[in-house]
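Colleague: In numbering that gives the first Met the number 0, the protein residues as written are 0 to 608. Quick one: structure below, then a few questions.
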Amino acid sequence: MSPTESQAIDNAAEALIVLPRTSESETLKKIRHTTSHVLAMAVQKLFPKAQVTIGPWTETGFYYDFDIAEPFTEADLKTIKKEMVKIIKKKLPVEREEVTREEAKRRIEALGEPYKLEILDSIQEPITLYHLADQWWDLCAGPHVESTGDINPKAFDLETVAGAYWRGDANNAQLQRIYGTAWETPEQLQEYKRRKEEALKRDHRKLGKELGLFLFADVVGPGLPLWTPKGTLLRSTLEDFLKEEQKKRGYQGVVTPHIGRVDLFKASGHWQQYKEDMFPMMAEDDEAAAAEQGFVLKPMNCPFHIQIYKNELRSYRDLPMRLAEFGTVYRYEQSGELGGLTRVRGFTVDDSHLFVTPDQLDDEFLSVVDLILSVFRSLNLKKFKARMSFRDPASDKYIGTDEVWEKAQGAIRRAVQALGMEYFEAEGEAAFYGPKLDFIFEDVLGREWQLGTVQVDYNLPERFELEYVAEDGSRQRPVMIHRAPFGSVERLVGILIEEYAGDFPLWLAPEQVRLLAVSDEFLPFAREVVAKMQAIGIRASVDEGGDRLGKSIRNAEKAKIPVMGVIGAKEVEAQAISVRTRASGELGSMPVDEAIAKLSEAISSHGSF
RNA sequence: GCCAGUGUAGCUCAGUGGUAGAGCACUCGAUUCGUAAUCGAGCGGUCACGAGUUCAAAUCUCGUCACUGGCUCCA
């Protein structure tokens, strides 16, 4: 779990035990580094054939990768942990030795550790070895604690085993990785485990099921979510909100089909560069299939929007032209990559393609970033990182010339500098047609997901020979901006569920108000009140369950409904409801009209009741 | 796709070789109740699917599918 999540679930009372990230604590760096070596030593003692590779710290612990024929089991972890405790209790001194490259090579060869040899080739001087007394040593840069006795045997744990590729490359051998965590005190370890469990309670898959927002059905297929009425209300509210924002900024809605000819995607380059991520082509017969004549499900919306642009000869007076669509796309993600709503095979992009003149590019890019940031503000999303996603010049997975890429990347760099925002740069993260500015969020497990994105594209206008007529009558090529503030509605909903822990703000809540009758005789009045609320668009309902009040309240609380209205004899008499909110509890009786006015105001201002 | 784990009622889970259980939900009946669980009865499962071992399989073996964690990959 990362600190951003821990902050989210940290109440003042729970923050007594501080859990720093490894990068924030020299002590934890040393403890975790040394613990990973103790792990490796223990593994090699128990499994002499295991070869060591690397064992770095992570922000919450450490891991070590081994090459071993038989993968580790959960039971092995217990045995390994016992062996580690033994090593810790021996209080072996950790000794640093600086050696020449030749000497290191000689010693590693003597041990027969080919992976270490490869590492040696890739590191800079000084070359240091760390010894656990005279019993074990590893090529390592440190830092370490002074003795294995400095590791608290009650403050570390082995968490899980996993496969991992050598040097992160799927073409290389698959190694066996053991993940562990280590802290200064047993109390920190307990707190870490507690927070991890706490975080899991807000997992969007768990809450999505409990709140009845979406589901997956085996017969429909993996990674293809189905949205319930409640989940659909949530999605639509988000979509409507963004549509309104876009209307204010000169966007025009379009609608395009879910499938198109292969030829379209050949023209765009998708068929050549993106085929592996697409569902297989549908062809009428074998002959058509052989000739690559068929239809594919769209993995992106851009080629379709381009056709709309191309439909007429455009003038510079028409630009910028901003075509927007909530377009559902399909990508054939590998099975092991699917998970909840954050990674699916069919999802809806809040897509827009802006066709601009070169002169308009910078301003238009800035205004898109402004829209994205304002959307995040409205959703109260504060914990994100901005990533400039550039191409990897060494890779051949991109289309277009170096010159054009330099221009596009330059435009993004100018924009983030003009905005003075914090960002980081990542090579190899660009789309195949252009560089991006991406906005990255974290899920409950600390995994990072891209949500919003803006992309500068000189390549598709070229490939589709897009033009506009300039002031001087000449034909010019427009630049395209691809952008999606949400990124994907599915992923956004997943992240929002976790951010809010299922407690949606009033304006987003699928069910905003539930009226509870103290006994059945008050149901008619409750229905009357609900009808008034529904008439002005408030998502209200009556609990018709016939339960006692306590039970009805419990049900509404569990459903995380923001506002409850209790109705009994007194309320009917006074034409009022007794308001109870999820956030603040009982608020007392309030005339129906006043309650409705207040609700209505809170919803439209995105405030709370 | 790769490594590992999991799959029992709508949900959460118990059941480790001898013909399947609990709580909640749902239905019905009684109760008409004032801020987080009223009482009782009933319904509900080809134990993911398919093979195999066995006198006998939810339980053991193999395969398939799905999910979970990790790797690779990505909105």
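Ideal Cβ placement from N, Cα and C applies to all residues, glycine included. Quantities reported herein were computed from a predicted structural model and do not represent experimental measurements.
1. Can you tell which of T356, Q511, G567 has its C-alpha closest to the C-alpha of G606?
2. Looking at the secondary structure, which residues open and close the alpha helix (DSSP H) in which I566 lies?
3. Spatial neighbours of V261 within its chain, please: C-beta separation below 8 Å, excluding the five flanking residues on both sides.
4. In the DSSP assignment, what are the bridge partners of P590?
5. Could you name the residues that DSSP lists as bridge partners for K384?
6. How about L450 and G501: are their beta carbons less than 8 Å apart?
7. Note down the Cα distance separating V17 from K88, rounded to an integer number of angstroms.
8. So the beta strand (DSSP E) V355 belongs to, where does it begin and stop?
9. On the criterion of 16 or more Cβ atoms from any shown chain inside 10 Å, does G433 qualify as buried, or is it exposed?
10. Using only alpha-carbon positions, find the residue among I595, S577, R581 that is nearest to G587.
11. Going by alpha carbons, who is nearest to W165 out of E158, Q173, T159?
12. Would you kindly check if the distance between the Cβ of I177 and the Cβ of Y63 is under 8 Å?
13. Give a yes or no on whether the C-beta atoms belonging to E441 and K382 are separated by under 8 Å.
14. Could you pull the DSSP bridge partners for E426 from this structure?
15. Our contact map puts F423 next to R390 with C-beta atoms below 8 Å; I'd like the distance itself, whole angstroms only.
16. Use the C-beta contact count for E13: other C-beta atoms within 10 angstroms, 16 or more gives buried, fewer gives exposed.
17. Contact check, V374 vs E244 under 8 Å by CB: the rounded distance?
18. What separation, rounded to the nearest whole angstrom, lies between the Cα atoms of S5 and K200?
19. Going by DSSP, which residues form a beta bridge with R95?
20. Based on Cα-Cα distance, which residue from E117, L15, E183 lies nearest to E25?
21. Should V254 be labelled buried (16 or more other beta-carbon atoms within 10 Å of its own) or exposed?
22. For E190, name the three-state secondary structure that DSSP assigns.
23. Helix, strand or coil: which one does DSSP assign to H481?
24. Ignore the nearest five residues each way along the sequence and tell me which others in M39's own chain have a CB closer than 8 Å to its CB.
25. With DSSP as the reference, label E4 as helix, strand or coil.
26. At a cut of 8 Å, does the segment 315-335 reach the segment 402-414 through at least three beta carbon pairs?
27. Mapping DSSP to helix, strand and coil, what is Q408?
28. My understanding is that R413 touches D471, with C-beta atoms under 8 Å, so please give their C-beta distance in whole angstroms.
29. For L465 versus F354, is the C-beta distance shorter than 8 Å?
30. Pop quiz: F524 and I305 are said to be a contact at Cβ under 8 Å. What is the actual Cβ separation, rounded to whole angstroms?
31. Considering only the beta carbon of each residue, do V529 and V517 sit closer than 8 Å?
32. Per the DSSP calculation, T580 is bridged to which residue(s)?
33. Could you check if T356 belongs to the surroundings of the ligand GDP, using beta carbon to heavy atom distance under 7 Å?
34. Shortest alpha-carbon distance to G493 belongs to which of V160, R553, G207, L131?
35. Whose C-alpha, out of N310, L15, I411, is nearest the C-alpha of H481?
36. Leaving out five residues on either side along the sequence, give the residues of the same chain with a beta carbon under 7 Å from the beta carbon of K559.
Modeller: Judging by the given coordinates:
1. Here residue 606 is taken as the residue at index 607 of the first sequence, counted from 1. When each option's Cα is compared against that of G606, the closest is Q511.
2. Taking the first sequence and counting its residues from 1, the one referred to as residue 566 is at position 567. I566 -> not in any alpha helix (DSSP H); beta strand (DSSP E) instead, spanning 562-566.
3. Along the first sequence, one-based indexing puts residue 261 at 262. Cβ neighbours of V261 beyond the five flanking positions: W270, M280, E291, Q292, G293, F294, V295.
4. As a position in the first sequence, residue 590 is number 591, starting the count at 1. According to DSSP, which records beta bridges pairwise, P590 is partnered with A575.
5. Counting from 1 along the first sequence, the entry for residue 384 is found at position 385. In the DSSP output, where bridge partners are listed per residue, K384 has I439.
6. The count along the first sequence starts at 1 and reaches residue 450 at position 451. The count along the first sequence starts at 1 and reaches residue 501 at position 502. Going by C-beta atoms, L450 is not nearer than 8 Å to G501.
7. The count along the first sequence starts at 1 and reaches residue 17 at position 18. The count along the first sequence starts at 1 and reaches residue 88 at position 89. Cα to Cα, V17 sits roughly 26 Å from K88.
8. Here residue 355 is taken as the residue at index 356 of the first sequence, counted from 1. Per DSSP, V355 belongs to the beta strand (DSSP E) from 345-355.
9. Your numbering for residue 433 matches position 434 in the first sequence. Buried, because 16 or more other Cβ atoms sit within 10 Å of the Cβ of G433.
10. Numbered from its first residue, the first sequence carries residue 587 at position 588. Per the C-alpha coordinates, the member of I595, S577, R581 positioned closest to G587 is S577.
11. Within the first sequence, the letter at position 166 stands for residue 165. The candidate whose alpha carbon is nearest that of W165 is Q173.
12. Against the first sequence, residue 63 aligns to sequence position 64. Against the first sequence, residue 177 aligns to sequence position 178. In contact: Y63 and I177 (Cβ atoms closer than 8 Å).
13. Sequence index remark: in the first sequence, residue 441 carries index 442 (1-based). Sequence index remark: in the first sequence, residue 382 carries index 383 (1-based). Their beta carbons are under 8 Å apart, which means E441 touches K382 by this criterion.
14. The count along the first sequence starts at 1 and reaches residue 426 at position 427. Assignment of beta-bridge partners to E426 by DSSP yields F389.
15. Your numbering for residue 423 matches position 424 in the first sequence. Your numbering for residue 390 matches position 391 in the first sequence. Not confirmed; about 16 Å, so no contact.
16. Within the first sequence, the letter at position 14 stands for residue 13. In this prediction, E13 scores a pLDDT of 48, lower than 50, which makes its location untrustworthy; the coordinate-derived value is nonetheless stated afterwards. By the neighbour-count rule (16 or more Cβ atoms within 10 Å), E13 is not buried but exposed.
17. One-based indexing of the first sequence puts residue 374 at position 375. One-based indexing of the first sequence puts residue 244 at position 245. Their Cβ separation, rounded to whole angstroms, is 7 Å, which keeps V374 and E244 in contact under 8 Å.
18. Here residue 5 is taken as the residue at index 6 of the first sequence, counted from 1. Here residue 200 is taken as the residue at index 201 of the first sequence, counted from 1. Bear in mind that a pLDDT of 38 at S5, under 50, signals an unreliable position, so the number given afterwards is only what the model happens to contain. Whole-angstrom Cα-Cα distance: 13 Å.
19. In the first sequence, the residue the question calls residue 95 occupies position 96. Answer is Y129, bridged to R95.
20. One-based indexing of the first sequence puts residue 25 at position 26. For the residues E117, L15, E183, the minimum Cα distance to E25 belongs to E183.
21. Here residue 254 refers to the residue found at position 255 of the first sequence. V254 comes out exposed.
22. Start at 1 with the first residue of the first sequence, and residue 190 comes out as number 191. DSSP places E190 in helix when its eight states are reduced to three.
23. Working through the first sequence from its first residue, we reach residue 481 at position 482. Annotated three-state conformation of H481 is strand, per DSSP.
24. The count along the first sequence starts at 1 and reaches residue 39 at position 40. According to the sequence displayed, residue 39 carries Ala and not Met. Spatial neighbours of A39 in its own chain (CB-CB distance under 8 Å, excluding positions within 5 residues in sequence) are listed in chain order as V51, G54, Y63, F65, W135, D137.
25. If you number the first sequence from 1, residue 4 lands on position 5. Note that E4 scores 35 on pLDDT, short of 50, meaning its location in the model is unreliable and no value can be drawn from it.
26. Contact fails: fewer than three Cβ-Cβ distances are below 8 Å.
27. If you number the first sequence from 1, residue 408 lands on position 409. Q408: helix per DSSP, three-state reduction.
28. Here residue 413 refers to the residue found at position 414 of the first sequence. Here residue 471 refers to the residue found at position 472 of the first sequence. Contact doesn't hold; Cβ gap of about 26 Å is too wide.
29. On the first sequence, position 466 is the one that residue 465 refers to. On the first sequence, position 355 is the one that residue 354 refers to. Going by C-beta atoms, L465 is nearer than 8 Å to F354.
30. The sequence position of residue 524 within the first sequence is 525, counting from 1. The sequence position of residue 305 within the first sequence is 306, counting from 1. About 57 Å separates the two Cβ atoms, so there is no contact after all.
31. As a working mapping, residue 529 is identified with position 530 in the first sequence. As a working mapping, residue 517 is identified with position 518 in the first sequence. For V529 and V517, no; Cβs fall outside 8 Å.
32. Taking the first sequence and counting its residues from 1, one reaches residue 580 at position 581. Answer is V562, G584.
33. The ligand GDP is not among the ligands present in this structure, which contains no ligands whatsoever.
34. Taking the first sequence and counting its residues from 1, one reaches residue 493 at position 494. When each option's Cα is compared against that of G493, the closest is G207.
35. For the purposes of this step, residue 481 is identified with residue 482 of the first sequence, where counting begins at 1. H481 has its Cα closest to that of I411, out of N310, L15, I411.
36. By one-based count along the first sequence, residue 559 stands at place 560. Around K559: L210, G501, D502, R581.
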